[in-house]
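In the numbering used here, the protein residues as written are 5 to 253.
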């Protein structure tokens with residue numbers, strides 16, 4: 005997932021959020037998740053059957069991610085949003101978003117999606133020039149919206165199964181295929197080093213931190229506020245279904 009906390013998935017969950025009962029009160033969803041987490045749910049029928057052989061470990065990592073988000077990630081993100089003008093935040097988002105066009109272009113070629121590859125290439129060239137190194141996004145204004153393709157989708161298109169569901173520390177929901185795809189993309193990015201971007205990020209870890217903060221700022225979800233006592237199951241279901249649709253698209 006490009007992809008801190010799987011933004012596309014979490015945006016879906018954000019729509020399900022409930023409001024805490026009152027000042028100082030624990031969110032209802034949070035109380036529920038701990039009150040009911042030990043209930044046996046093997047007889048529940050889900051829309052799709054998710055392969056989750058590492059569920060106890062995955063649940064532990066999910067809780068760790070929630071604690072990390074509350075204690076560190078979210079406070080830092082909120083501070084960034086408070087001190088940084090919206091105009092500047094938008095420019096940061098555009099720059100990082102523009103760089104992902106390279107990944108979309110490469111994976112579209114690998115999947116045989118020539119039209120999508122051409123669109124990604126044109127978006128990158130126009131936004132990198134007329135858009136001043138990606139600070140602005142004139143292509144979206146002209147009606148050519150961004151589309152995303154990654155190596156996990158490419159492997160799925162080639163017939164590789166998703167494999168078991170995984171929850172990655174900090175990064176969030178994934179599966180074996182997407183995890184291998186993410187690792188492959190990172191290795192290829194560093195090897196190709198387009199425009200020296202990988203080397204620059206390696207020398208300036210604060211850029212990687214800024215990218216993570218930027219992605220988190222675009223996600224409205226707060227852990228354990230979905231209003232469901234089975235939030236883990238809901239996340240697992242939505243992520244798996246979303247990735248199926250991504251591969252089929």
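Beta carbons are placed, not taken as given, at the ideal position from N, Cα and C, and that holds for glycine.
Query: By Cβ distance below 6 Å, which residues in the same chain neighbour residue 227 in space, the five residues on each side in sequence not counted?; Result: 70 and 73
Query: Among 138, 237, 67 and 183, whose alpha-carbon lies nearest the alpha-carbon of residue 156?; Result: 183
Query: With DSSP run on the structure shown, which of helix, strand or coil describes residue 51?; Result: A caution first: residue 51 carries a pLDDT of 45, below 50, which makes its placement in the model too unreliable to give a value.
Query: DSSP beta-bridge partners for residue 177?; Result: 171
Query: Applying the criterion that 16 or more other CB atoms from any shown protein chain within 10 Å of the CB defines a buried residue, is residue 248 buried or exposed?; Result: exposed
Query: Between residue 139 and residue 98, how many whole angstroms is the CB-CB distance? I'm expecting something under 8 Å.; Result: 6 Å
Query: Shortest alpha-carbon distance to residue 224 belongs to which of 250, 82 and 189?; Result: 82
Query: Take residue 194 and list the residues in its own chain whose beta-carbon comes closer than 6 Å to its own, dropping the five residues that flank it on each side.; Result: 202
Query: Look at the Cβ atom of residue 251, then the Cβ atom of residue 177, and state whether they are nearer than 9 Å.; Result: no
Query: So what does DSSP say about residue 236, is it helix, strand or coil?; Result: helix
Query: If you drop the 5 nearest sequence neighbours on each side, which residues of the same chain put their C-beta closer than 8 Å to that of residue 80?; Result: 217
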